[in-house]
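So the structure is just underneath, and the comments pick up after that.
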Amino acid sequence: MSRPAKSYSFEFKLALVQRFLAGEPGPELAVEAGLASRELLQKWVRAYRLEGEDGLRPKPKGRPRKPDALPPAELPELERLRRENERLRAQVAYLGKLRALREQGRR
Numbered sequence: 273m274s275r276p277a278k279s280y281s282f283e284f285k286l287a288l289v290q291r292f293l294a295g296e297p298g299p300e301l302a303v304e305a306g307l308a309s310r311e312l313l314q315k316w317v318r319a320y321r322l323e324g325e326d327g328l329r330p331k332p333k334g335r336p337r338k339p340d341a342l343p344p345a346e347l348p349e350l351e352r353l354r355r356e357n358e359r360l361r362a363q364v365a366y367l368g369k370l371r372a373l374r375e376q377g378r379r
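Okay, so the sequence shown: first residue is 273 according to the numbering used here, each after it adds one.
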């Protein structure tokens, strides 16, 4: 049975990476910190070098939310008005066709 993946805080990762970059040996740091492998520390160091501190911050899990999935109160006013405008245009088109069908039936 495998162990569940352990998550480490941003501050913990940053402190270890800074100690490694200051010259402390990676394998000793990994053992001292109780990491499952020293490759994990190397991964953090690579992320830090590429993206800075943001590379060590936790990433959101799962698929990103669609803009349509946001509650209406959180949508910017312009987007809300565009959607309302589109809905009203569809409603006007529907009512126009309905009126035309009724006129056609009266003839």
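For every residue, glycine included, the Cβ atom is placed at its ideal position computed from N, Cα and C.
Proximity to GLU325 across LYS369, LEU286 and LEU367 peaks at LEU286, based on C-alpha coordinates.
Contact between ALA305 and LEU288 holds: their C-beta atoms lie close to 6 angstroms from each other, under 8 angstroms. Taking ARG329 as the centre and dropping the five residues before and after it, the same chain places the C-beta of PHE282 closer than 8 angstroms to its C-beta, in chain order. The criterion of a C-beta distance shorter than 8 angstroms is not satisfied by ALA302 and ARG291. Shown here, ARG355 sits in a helix according to DSSP, grouped into three states. Pairing GLU296 with TYR320, the inter-Cα distance amounts to about 16 angstroms. Distance between PRO348 and LYS331, taken at the CA atoms: about 25 angstroms. Where LYS315 is concerned, the enclosing alpha helix (DSSP H) starts and stops at 310-323.
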